[in-house]
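Trainee:
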Amino acid sequence: FFSDLQQQLNMPNLIVSCEFNPPVIIIMGSTLQEETIKKLDDRLHDSTTTATSAKKEYEKFELRRDRGPEHWYSRLDGQFCDQFGRSTLFMTIIECLENEGWKLKASNSITIEETMTDKNLLFFVRGREASL
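For the sequence shown, the working numbering begins at 1149 and goes up steadily by one.
#1: Within a Cβ cutoff of 8 Å, which residues of the same chain sit near Tyr1206, ignoring the five residues on either side of it in sequence?
#2: What three-state label does DSSP hand Leu1252 in the structure shown?
#3: To the nearest whole angstrom, what separates the beta carbons of Leu1211 and Phe1238, a pair I think is in contact under 8 Å?
#4: Can you tell me where the alpha helix (DSSP H) holding Lys1186 begins and where it ends?
#5: Can the beta-carbon of Asn1161 be found less than 7 Å from the beta-carbon of Val1273?
#6: Straight-line CA distance for Thr1179 to Ser1222?
#7: Starting from the C-beta of Thr1197, find all residues in its chain whose C-beta is less than 6 Å away, skip the five residues before and the five after it, and write them out in chain order.
#8: Excluding five sequence neighbours on each side, which residues of the same chain lie with their C-beta closer than 7 Å to the C-beta of Pro1171?
#9: Give the straight-line distance between the Cα atoms of Ala1199 and Cys1166, rounded to the nearest whole angstrom.
#10: Among Ile1241, Ile1185 and Lys1208, which has the Cα closest to the Cα of Asn1268?
#11: Please name the residue or residues paired with Phe1271 in a DSSP beta bridge.
#12: Just curious, the alpha helix (DSSP H) that Ser1222 is in, first and last residue?
#13: In three-state terms, what does DSSP make of Gly1233?
Following this line, the structure appears as structure tokens:
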């Protein structure tokens, strides 16, 4: 199953999964430039509702190969996003990925009843698929 999924994800597609609260961001699919990951690391913590002006060292995105396809993972411990903060976080993600040529194609949002957490999926494409 995962090898088929990995082959599909090697196409010019990217899926960003965001769970709240605390915010957990998982990016899987096509590879990203190191500069894009660095921008996300630098900007995401300032996008949350509880962001402070004091600069503090936060955990950075890490590339994981556990539990299925390779993916980037970041957990913003100690942070919280209300609805406005979530919108700001989504806009930050979209802006960073658009700089690399990704276009938002679709999104989905669900509430996981067992944990009462919200999960949002952002689907990005680039290349020919971006203009369809």
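Ideal placement from N, C-alpha and C gives every residue a C-beta, glycine not left out.
The structure displayed is predicted, hence computed values, not measured ones.
Mentor: In brief:
#1: Only Asp1189, His1193 and Leu1224 meet the Cβ criterion.
#2: Here Leu1252 sits in strand by DSSP.
#3: Not a contact, Cβ separation roughly 22 Å.
#4: First-last of the alpha helix (DSSP H) with Lys1186: Glu1182 to Leu1192.
#5: Against a cut-off of 7 Å, the Cβ pair of Val1273 and Asn1161 comes out as a contact.
#6: Approximately 16 Å, taken between the alpha carbons.
#7: The answer, listed in chain order, is Phe1228, Cys1229, Asp1230 and Gly1233.
#8: For Pro1171, the CB contacts under 7 Å within the same chain, skipping 5 residues up- and downstream, are Thr1196, Leu1224, Gln1227, Cys1229 and Leu1237 in chain order.
#9: Looking at the backbone, the Cα of Ala1199 and that of Cys1166 are separated by about 17 Å.
#10: When each option's Cα is compared against that of Asn1268, the closest is Ile1241.
#11: Looking at the DSSP output, Phe1271 shares a beta bridge with Ile1163 and Ala1254.
#12: Taken as a continuous stretch (DSSP letters only), Ser1222 belongs to no alpha helix (DSSP H), being part of the beta strand (DSSP E) at His1219 to Arg1223.
#13: Helix at Gly1233.
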